[in-house]
Amino acid sequence: MNVAALMTSPPVSVTPDYSLPDAARLMRQRGIRRLPVLDGPRLVGIVTDRDLREAMPGRVTTLSMWEATTQLAGVCVGDVMRRSVVTTTPDADARDAAYTLLRWRIGGMPVVDDSGAVVGMLTITDLLHDYARMPEPLPKEPGLTGTPAGLEAPL
Numbered sequence: 000m001n002v003a004a005l006m007t008s009p010p011v012s013v014t015p016d017y018s019l020p021d022a023a024r025l026m027r028q029r030g031i032r033r034l035p036v037l038d039g040p041r042l043v044g045i046v047t048d049r050d051l052r053e054a055m056p057g058r059v060t061t062l063s064m065w066e067a068t069t070q071l072a073g074v075c076v077g078d079v080m081r082r083s084v085v086t087t088t089p090d091a092d093a094r095d096a097a098y099t100l101l102r103w104r105i106g107g108m109p110v111v112d113d114s115g116a117v118v119g120m121l122t123i124t125d126l127l128h129d130y131a132r133m134p135e136p137l138p139k140e141p142g143l144t145g146t147p148a149g150l151e152a153p154l
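Residue 7 in numbering that gives the first Met the number 0 sits at position 8 of the sequence shown, and the numbers go up by one each step.
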């Protein structure tokens, strides 16, 4: 199976001048943990939820809420993004892509086509969805319950 069959497309992306609060809000709304950063069609970086958390003021700070919010509004994605980005291609083998994620200890990567345009995102979740998918429903056999052996249904 190739990456194109598993990737999320089109990708949700931001520009380097996108504010951190807006990027955090976008990730929360879309339920994602990483955003490719594009300057026009060109991939220039990636920002993750971890990058955003590390850039946020800590819980124990001498700044007032207003000061922290004002200071944070002036920080852009381009200030905290990672410029070195591991990528894959749509025609790459999914197992090779999974190995790349493991090797680099990352949870996802942009998928770029031959021209360098970002056409999707591939994440560990995308790979797990495919791995956990059953090819077709199993027929029910008489006397079997819907609970797998060793797993008890909650009372």
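Heads up, the beta-carbon is just placed ideally off N, CA and C, and yes, glycines get one too.
Whole-angstrom C-beta distance between residue j and residue i, which should lie under 8 Å
i    : j   : result
V36  : P15 : 6 Å
L121 : L5  : 6 Å
Among the options, nearest to residue i - alpha-carbon criterion
i    : options              : result
G115 : R33, R41, P20, M26   : R41
D48  : T87, R81, L100, T99  : R81
R52  : G73, G44, A4, V79    : V79
G77  : P9, Q28, D21         : D21
T86  : L100, D129, V13      : L100
R94  : V43, L126, M55, G44  : L126
M109 : P89, G39, Y17        : One point to set straight first is that residue 109 is Pro, not Met, in the sequence displayed. The candidate whose alpha carbon is nearest that of P109 is P89.
I45  : V117, M55, Y130      : V117
L19  : G107, R102, D50, S83 : D50
A54  : W103, R27, A23, V43  : A23
T105 : A91, D92, V84        : Correcting the residue identity first, residue 105 is Ile in this sequence and not Thr. Answer by Cα proximity: V84.
Residue i, DSSP secondary structure in three states
i    : result
T99  : helix
A3   : helix
T124 : helix
V74  : coil
D90  : coil
R32  : coil
M55  : coil
P10  : coil
P40  : coil
P109 : strand
V117 : strand
Residue environment, residue i, which counts as buried when at least 16 other CB atoms sit within 10 Å
i    : result
D112 : exposed
G30  : exposed
R33  : buried
G73  : exposed
D38  : exposed
D129 : exposed
A97  : buried
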